[in-house]
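The next block holds one structure in the form of structure tokens; read it before the comments.
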Amino acid sequence: MIYIAKDYSRLLGIPGFSENLLKNHFTLYQGYVNNTNKILDTLNIMLNDGKAGTPEYAELKRRLGWEFNGMRLHEYYFENLGGKSAFDMDGKLSEKISKSYGSYVNWEKEFKAIGLMRGIGWVVLYQDIANGRMINFWINEHDAGHPAGCHHC
């Protein structure tokens, strides 16, 4: 299965974002998609050729986290920009956020504050599956940790 870059050109002209910034991120995203596919193909060939125990295989496996998460986190980012409807304040997510933070407003203040921290990175809302708590996290190196959007088995 190959990954195909999604078209987010609908975001051009969104208030608060320069066209140049968005186009740069679209280019970064396309690179992450392309590299994810190339690395997965190469890893598959190496595995079939009995080279899974090599340093080259190990380095490509490490690199896969960077490329895959770059792809997936950009998709989450783009898909949450410029929505056509307001956040559902009566929905399940709002209820979970309010339970964890006391109110949606408190959560939003923290989320924005983390997003404005100096440095490159991501702010991501996670749910602790052990107790249901919602927690905002700063992610500096997006390849650290588990692949975005995936569940462990």
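Be aware that the sequence shown starts at 2, since it is given in my numbering, and climbs by one per residue.
Even glycine gets a Cβ: it sits at the ideal position worked out from N, Cα and C.
None of these values were measured; they are calculated from a predicted model.
Setting aside the 5 residues that flank it on each side, K97 is surrounded in the same chain by Q128, G133 and M135, each with a C-beta closer than 8 Å to its C-beta; the list follows chain order. Under the 10 Å beta carbon count, A149 is surrounded by 16 or more other beta carbons and is classified as buried. N132 sits in coil when the DSSP states are folded into three classes, being neither helix nor strand. From the listed residues N107, V124, L82 and N21, the smallest Cα separation to L12 is found for L82. The shortest C-alpha to C-alpha distance from K113 to any of F79, G14 and F138 is the one to F138. The residues A6, in chain order, have a CB closer than 6 Å to that of Q31 in the same chain once the five nearest residues on each side in sequence are set aside. If the five residues before and after S101 are omitted, its C-beta is found closer than 6 Å to the C-beta atoms of R134 and M135, all from its own chain and listed in chain order. From the listed residues K52, N70 and G146, the smallest Cα separation to N38 is found for N70.
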